[in-house]
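Asker:
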Amino acid sequence: AIHRHCPHARCAMHVHPMFSTVLASLADSRLLPIDQNTATFFNRYVIDNSYGGLALEEEGERCAQLLQDPKKTVMIMGNHGIMVIGKSVAETFNRMYYFERAAETYIRALQTGQKLRILSDTIAEKTASEVDQYPEQSDRHLAELKEILDSEHSDYSF
Numbered sequence: 001a002i003h004r005h006c007p008h009a010r011c012a013m014h015v016h017p018m019f020s021t022v023l024a025s026l027a028d029s030r031l032l033p034i035d036q037n038t039a040t041f042f043n044r045y046v047i048d049n050s051y052g053g054l055a056l057e058e059e060g061e062r063c064a065q066l067l068q069d070p071k072k073t074v075m076i077m078g079n080h081g082i083m084v085i086g087k088s089v090a091e092t093f094n095r096m097y098y099f100e101r102a103a104e105t106y107i108r109a110l111q112t113g114q115k116l117r118i119l120s121d122t123i124a125e126k127t128a129s130e131v132d133q134y135p136e137q138s139d140r141h142l143a144e145l146k147e148i149l150d151s152e153h154s155d156y157s158f
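Counting in my numbering, the sequence shown runs from 1 upward without gaps.
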């Protein structure tokens, strides 16, 4: 359904990482911009609050509708996990990796019980736009991870 309704999504990854799933389980699943990583996703995600069980065809169609805006590349799936889309495997993986890091920072900040220092919308959007203008970073990130695996003589395939 994602590929039918979102031609800009050449790759889609659906995962249940710990901190992203914790975020998806909160009544308020917004990822507020409190640092560079969280600001990277400012106005770049949607929240699906209509968890309906396993993501079968009907659920897939509904979720795909939420990702039709090419600017929205992460779906926080309430009570479930996240769906990340991108133009390539490297871009999608990179986005997924940094979203989990951002969710971890945010959840750990919430755990302190202290008031959060939230970036202004202007600075958060500036940060997100600057990251958007650096697409080659995702290719380099994935290549470096592959080099690490190669140096460890890991058995993997790409």
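Ideal Cβ positions, reconstructed from N, Cα and C, are used throughout, including at glycine.
1. Which value, in whole angstroms, describes the spacing of the CA atoms of residue 123 and residue 39?
2. Taking just the CA atoms, how far does residue 102 sit from residue 77?
3. By Cβ distance below 7 Å, which residues in the same chain neighbour residue 104 in space, the five residues on each side in sequence not counted?
4. If we call anything under 9 Å between Cβ atoms a contact, is residue 29 one with residue 47?
5. Going by DSSP, which residues form a beta bridge with residue 6?
6. From what residue to what residue does the alpha helix (DSSP H) around residue 141 run?
7. Just tell me which of 9, 13, 5 has its CA closest to the CA of residue 96.
8. Under 9 Å between the Cβ atoms of residue 5 and residue 65?
9. Count the other CB atoms, across all protein chains shown, that sit within 10 Å of the CB of residue 15; report buried if there are 16 or more and exposed otherwise.
10. Measure the Cβ-Cβ separation of residue 43 and residue 125 and say whether it is below 9 Å.
11. Please confirm whether residue 86 and residue 140 have their CB atoms less than 9 Å apart.
12. Would residue 118 and residue 32 be called neighbours here (beta carbons separated by less than 9 Å)?
13. Please report the straight-line C-alpha distance between residue 89 and residue 155, rounded to a whole angstrom.
14. Taking all protein chains shown into account, do 16 or more other C-beta atoms lie within 10 angstroms of the C-beta of residue 73, making it buried, or fewer, making it exposed?
15. Can you say whether residue 151 is buried or exposed, counting buried as having 16 or more other CB atoms within 10 angstroms of its CB?
Answerer: In brief:
1. 8 Å
2. 16 Å
3. For residue 104, where only same-chain residues beyond five positions count, the Cβ hits under 7 Å are 19.
4. yes
5. Its beta-bridge partners do not exist; DSSP assigns none.
6. 136 to 151
7. 13
8. yes
9. exposed
10. yes
11. no
12. yes
13. If I take the Cα positions, the gap works out to 19 Å.
14. buried
15. Classification of residue 151: exposed, given that the 10 Å Cβ count is below 16.
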